[in-house]
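Let me begin by presenting the structure, written as structure tokens, before commenting on it.
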Amino acid sequence: MEKVLFSFEMKSTDAKAIREYSIPGMVLMENAGRKTFEIIQRRFPCKDKKMLVACGIGNNGGDGYVVARHLSNNGYDVVVSVAGKKEDIRGDALLNLEIIEKMGIKVAYAYTGDDFKDFMNENSFEVIVDAIFGIGIDRPVEGKMKDVIECINEYEPKEYVFSVDLPSGINADTGFVMGCAVNADETVTFASYKPAHIINDGIYHSGKTEVVDISIPKAILNDFDRNILDKEHICKMFKKRKGNSHKGTYGKIGIAAGSRNMPGAALLCSKAAMRSGSGIVNLYVDYNTFAAVSGKNAEVITVESDFSDANFMLESLEKMDAILVGPGLSQASERKALVEKLVKSQVPMVIDADGLNVLKGNLEIIRKKDIIITPHIGEMARLLGTDTKYVIENCISVARKFASDYGVTVVLKGTATIIASPGEQTYVCCDPNPGMATAGSGDVLSGIIVSMLGQGYSLSESAMLGVYIHSIAGRFALEEFGEYSLLAPDIIDMISKSIKYILQGK
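Numbering (UniProt numbering), first residue to last: 1 to 506.
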């Protein structure tokens with residue numbers, strides 16, 4: 001399982017490998033450059049493309065010089081550009097630059113943005129390797145370097161762009177563009193993902209990201225507790241069913257959802273729960289909603305309910321194995337009282353959508369409960385009384401802190417979804433899918449998660465399984481319907497295919 005490290009953690013990891021394991025920095029740079037070359041070679045085995053390795057004056061440029069050496073040694077037509085002066089290059093990077101100069105590889109120094117543009121216009125490079133900035137950039141790109149990056153992005157002859165470690169101009173920790181950034185088709189990163197590869201602008205600038213091993217000892221990386229959620233981990237978690245089971249074996253789910261204007265949310269989450277393997281689903285809806293949903297999901301038991309009678313609702317739902325409250329519920333005053341009452345239950349619970357909105361200013365009632373909350377960025381900002389920009393910039397840290405502070409499992413939904421549980425590893429599911437940016441997608445997710453919870457999985461397991469199944473189902477739906485026409489029911493229809501795909505890995 002791949003780790004996710006912030007820039008300062010990656011720097012300390014490199015330093016620890018050098019200091020405690022006596023791995024020279026030159027070896028790490030060599031491994032980084034060679035592994036990047038191997039990815040390029042795999043992508044372009046025919047050696048018929050003219051290649052440029054665009055380097056900066058730091059260690060990212062050093063990696064680039066190693067890439068150029070291996071390209072040249074293996075018969076590729078490669079040229080190197082350096083955005084700066086040779087006298088500003090130090091250490092291992094300088095040694096690798098001098099090696100390629102001695103090999104006769106052409107090195108063009110660009111002292112100004114115009115120098116770089118003129119050099120590019122005099123040539124016709126089909127593949128560009130971006131080794132300008134690494135993970136350390138912490139201020140906006142300006143002047144000459146901005147000109148260089150913009151020239152790469154606008155360069156018409158190019159067919160493909162690789163970035164070394166991170167697209168130049170992206171902040172490694174937030175994923176935001178620092179003024180301007182290289183648009184890469186593929187990024188080769190070292191030892192672990194960085195947040196920028198999986199969140200915000202960085203996802204799109206990175207293109208396809210591949211993590212490669214540069215011989216940093218696993219013992220160092222295993223000290224970190226942020227991980228990419230992958231199929232292998234999910235396969236180990238998923239339980240195969242026994243032949244002598246019955247509907248009671250797989251959980252009785254209670255869902256309080258829907259309202260006059262949003263009956264569809266109740267239908268979506270209840271059907272998703274059934275499709276995800278729940279034995280029994282009881283859907284509680286108010287009088288105004290009952291006619292709109294009754295009989296629409298034949299497998300679901302629809303219960304006409306008085307949401308203003310919170311005591312009755314609590315008594316009914318406490319008989320369940322897991323509860324979901326919130327999808328389409330509305331924020332009417334009696335809904336707030338209902339959520340506050342249900343939280344007192346000892347039954348494991350998922351709180352979504354309007355169930356979260358009515359918790360604003362009253363978060364103490366969920367502290368250290370068996371609860372999974374599933375906010376999107378805006379809902380999390382409202383819960384915390386902050387702005388969305390802060391949550392977007394710090395999504396991993398925000399999810400982890402909320403889980404720790406309140407003792408609940410957090411599923412922070414976004415392009416990358418963060419799963420954080422108190423005292424446990426944090427997981428990130430990153431599979432950007434614009435088709436899933438559609439009304440009801442979150443209702444489907446909450447239905448899958450509560451289904452897993454009712455089937456006996458732990459809070460964190462239910463969150464991980466739900467998020468992963470939802471992601472894969474969305475991917476299958478995207479293939480079938482495309483990013484413009486995908487609807488939430490299409491995701492439900494692909495849940496069975498998603499689960500089958502996971503079980504095939506066992």
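Note that CB positions come from ideal geometry on N, CA and C, so glycine has one too.
Determine the closest residue to residue i out of the options, with distance taken between C-alpha atoms.
i	options	result
methionine 51	Met349, Ala181, Phe37, Tyr457	Phe37
lysine 208	Glu186, Pro217, Ala196, Ile199	Glu186
isoleucine 365	Gly328, Asn74, Gly407	Gly407
lysine 296	Met313, Ala266, Gly61	Ala266
residue 522	Asp352, Asn183, Asn96	The structure shown does not extend to residue 522, since the chain is modelled only from 1 to 506, so the question has no answer here.
aspartate 225	Glu483, Ile472, Lys3, Ala257	Lys3
threonine 454	Val300, Lys401, Gly277, Ala310	Going by the sequence as given, residue 454 is glycine instead of threonine. The shortest C-alpha separation from glycine 454 is found at Gly277.
proline 45	Asn74, Ala332, Ala68	Asn74
isoleucine 502	Leu465, Glu480, Tyr484	Leu465
threonine 417	Cys395, Gly435, Gln425, Asp354	Cys395
asparagine 433	Glu393, Arg139, Phe476, Leu166	Phe476
aspartate 114	Asp88, Gly84, Ala93, Asp138	Gly84
lysine 344	Ser333, Glu315, Val358, Pro327	Glu315
serine 446	Pro195, Asp493, Lys271	Lys271
isoleucine 492	Val53, Pro167, Ala273, Ser168	Ala273
glutamate 98	Leu71, Val78, Tyr65	Tyr65
serine 72	Gly385, Val27, Asp48, Gly440	Asp48
aspartate 173	Glu461, Ala196, Ala110, Phe162	Ala196
serine 421	Ser168, Phe6, Asn227	Asn227
phenylalanine 402	Leu363, Ile323, Ala463, Asp147	Leu363
Let me know if residue i comes out buried or exposed under the rule of 16 or more other beta-carbons within 10 Å of its beta-carbon.
i	result
methionine 348	Sequence check: residue 348 is proline here, not methionine. Buried is the call here.
threonine 409	buried
methionine 1	exposed
methionine 103	exposed
histidine 246	exposed
asparagine 222	exposed
tyrosine 287	exposed
glutamate 20	exposed
threonine 112	exposed
tyrosine 484	exposed
aspartate 24	Residue identity differs from the one stated: residue 24 is proline in this sequence, not aspartate. It is exposed - the Cβ of proline 24 has fewer than 16 other Cβ atoms within 10 Å.
aspartate 92	buried
phenylalanine 8	exposed
asparagine 282	buried
serine 192	buried
glycine 355	buried
serine 305	buried
lysine 194	buried
Measuring CB to CB, does residue i end up less than 9 Å from residue j?
i	j	result
aspartate 387	leucine 459	no
isoleucine 149	cysteine 180	yes
glycine 258	leucine 329	yes
cysteine 269	valine 80	no
valine 67	valine 129	yes
alanine 488	threonine 438	yes
valine 164	aspartate 14	no
residue 509	tyrosine 160	Since the first residue shown for the chain is 1 and the last is 506, residue 509 is missing from the structure and cannot be characterised.
lysine 35	valine 188	yes
isoleucine 351	isoleucine 372	yes
isoleucine 499	phenylalanine 238	yes
glycine 385	glycine 361	yes
valine 293	proline 263	yes
residue 562	glycine 175	With the chain covering 1 to 506 only, the question about residue 562 has no answer from this structure.
Can you grab the Cα-Cα spacing for the pair residue i / residue j, in whole Å?
i	j	result
valine 325	isoleucine 135	42 Å
threonine 289	threonine 415	32 Å
isoleucine 152	tyrosine 468	36 Å
alanine 353	methionine 380	10 Å
arginine 335	methionine 313	11 Å
lysine 341	tyrosine 250	26 Å
leucine 338	serine 308	7 Å
isoleucine 253	glutamate 479	31 Å
serine 22	arginine 90	21 Å
proline 157	asparagine 121	10 Å
glutamine 41	valine 78	13 Å
glycine 143	aspartate 201	22 Å
glycine 435	isoleucine 214	36 Å
aspartate 490	arginine 43	34 Å
histidine 470	aspartate 118	49 Å
methionine 29	leucine 94	12 Å
Any Cβ of chain C within less than 9 Å of the Cβ of residue i?
i	result
lysine 242	Here chain C cannot be found, since the structure has a single protein chain.
Can you find a heavy atom of the ligand GTP that lies under 8 Å from the Cβ of residue i?
i	result
phenylalanine 476	Of the ligands one can find in the structure shown there are none, so the ligand GTP has no counterpart to examine.
4 or more residues per run - each alpha helix (DSSP H) lying fully within the segment 196-230:
For secondary structure counted as the alpha helix (DSSP H) over 4 or more consecutive residues, the segment 196-230 holds these complete runs in sequence order: 200-206, 218-221.
Continuous alpha helix (DSSP H) assignments of at least 4 residues falling wholly in the segment 433-493:
Entirely contained in the segment 433-493, the alpha helix (DSSP H) runs reaching 4 residues are, in chain order, 441-454, 459-485, 488-493.
Suppose only complete runs of 3+ residues qualify. What are the beta strand (DSSP E) ranges in the segment 355-411, listed by chain order?
With a minimum length of 3 residues, the continuous beta strand (DSSP E) runs that stay inside the segment 355-411 are 371-373.
Suppose only complete runs of 4+ residues qualify. What are the alpha helix (DSSP H) ranges in the segment 119-197, listed by chain order?
As far as the segment 119-197 is concerned, its whole alpha helix (DSSP H) runs of at least 4 residues are 143-154.
Go through the segment 76-102 residue by residue and report every complete run of the beta strand (DSSP E) that reaches 3 residues or more, in order.
Counting only runs of 3 or more residues that sit fully inside the segment 76-102, the beta strand (DSSP E) segments are 77-82, in chain order.
What runs of the beta strand (DSSP E), each 3 residues or longer, lie entirely inside the segment 236-278?
Counting whole runs of 3 or more residues, the segment 236-278 contains the beta strand (DSSP E) stretches 252-256.
Only counting runs of 3 or more residues, tell me where the beta strand (DSSP E) segments fall wholly within the segment 275-321, in order along the chain.
If we require 3 residues or more, the beta strand (DSSP E) runs fully inside the segment 275-321 come out as 280-286, 301-305.
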